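Student:
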Amino acid sequence: MTIAEGIWQQIFSFDNYGELLALVRNSLIAGAALGLVGGLVGVFVIMRDLPFAVHGTSELSFAGASAALLLGVNIVGGSIVGSLIAAGAIGLLGSRARDRNSVIGTLMPFGLGLGVLFLALYKGRAANKFGILTGQIVAVDTPQMSWLLGTSAVVLVALAVMWRPLAFASADPEVAEARGVPVRALSFAFMIVLGLAVALSVQIVGALLVLTLLVTPAAAAARITASPVLLPVLSVVFAVASIEGGILLALGSSIPISPYVTTISFTIYIVCRLVGTYRTRQWGAGRTVPEPG
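Here the numbering used here runs 1414 ahead of the position in the sequence shown, where the first position is 1.
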């Protein structure tokens, strides 16, 4: 076997695939829930220009998960606590974009340093450490599933309650505030929701690659539609396709799940960008092109 064949075998191997598929039932369910949450939350992440906040929150989520691993308690709970601390700090201290970015830039190295410290002190299996950073495919057990689905439900209910005023405040905060919309309260509430979504994402794709579920699907959808209805629908479809496709591909290999999820998500984005560029050029050339959505 050549080196290239050996690498290919590591990346794509479907030996005993049917038996392995039964092991990831919980992961597939959790992935569907995460795709739904990530796709919807990502719409507002793009509208409010918060990708940097997602990354900053993931670092504290990583620290919380690492601390939970060291202490032998629920990792999902630790990840949620870390994310909420970061989201609360950003929401309270970062009312303006410049302040917010400064807070995030301060939190990121602090969270990463704490996470590295906790992992260095942890003497258990190396796979557990690696999984927090890059995601795990078969590590979603029944207790974690309960946490994941319960937290997903909280996020979805919160989004349903504040969707319309949050969309208004995100599109035009000055006008929304003038009309009595509680812009500051909504901003803080959304940061808490974002923190919960980040904590969920860390469990599947790891702390380093959360952006691929909370930013890329919505960014891809925004390239081909501006419809307030179609945009979140496409964002959810792209997020679910990325996570479920990544799980199914990673199942037959020794490679972590995150490279598969990021590759699928990035490919979707490139296709949507090309489609959007083509439509723009056609419109610019004077041809009739239907409005997005």
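Heads up, the beta-carbon is just placed ideally off N, CA and C, and yes, glycines get one too. Small disclaimer: the values here were computed from a predicted structure and weren't measured.
On a Cα-Cα basis, can you pick out the residue from 1614, 1500, 1577, 1606 that is closest to residue 1642?
Tutor: The shortest Cα separation from residue 1642 among 1614, 1500, 1577, 1606 belongs to 1577.
Student: Kindly indicate the opening and closing residues of the alpha helix (DSSP H) around residue 1626.
Tutor: Start and end: 1625-1628.
Student: Note the first and the last residue of the continuous alpha helix (DSSP H) segment covering residue 1667.
Tutor: Here residue 1667 belongs to no alpha helix (DSSP H), and DSSP marks it neither H nor E.
Student: Between the C-alpha atoms of residue 1451 and residue 1662, what's the straight-line distance to the nearest angstrom?
Tutor: Approximately 20 angstroms between the Cα atoms of the pair.
Student: Whose C-beta lies closer than 7 angstroms to the C-beta of residue 1687 among residues of the same chain, with five residues either side of it excluded?
Tutor: Cβ within range, chain order: 1637.
Student: Do you know how far the Cα of residue 1457 is from the Cα of residue 1603?
Tutor: For residue 1603 and residue 1457, the distance between alpha carbons rounds to 15 angstroms.
Student: Alpha carbon to alpha carbon, how far is residue 1675 from residue 1669? Give it in angstroms, no decimals.
Tutor: Straight-line Cα distance between these residues: approximately 12 angstroms.
Student: Between residue 1506 and the ligand NAD, is the CB less than 7 angstroms from at least one heavy atom?
Tutor: What this structure holds is no ligand at all, so the ligand NAD is not there to describe.
Student: When you compare only the Cα positions, how much space is there between residue 1679 and residue 1439?
Tutor: If you take the alpha carbons of residue 1679 and residue 1439, they lie about 22 angstroms apart.
Student: Given a threshold of 16 other Cβ atoms within 10 Å of its Cβ, counted over all protein chains shown, does residue 1571 qualify as buried or as exposed?
Tutor: When all chains shown are included, residue 1571 counts as exposed.
Student: Relative to the C-alpha of residue 1466, which candidate in 1514, 1613, 1595, 1598 has its C-alpha closest?
Tutor: Per the Cα distances, 1514.
Student: So what's residue 1440 in DSSP terms, helix, strand or just coil?
Tutor: Helix at residue 1440.
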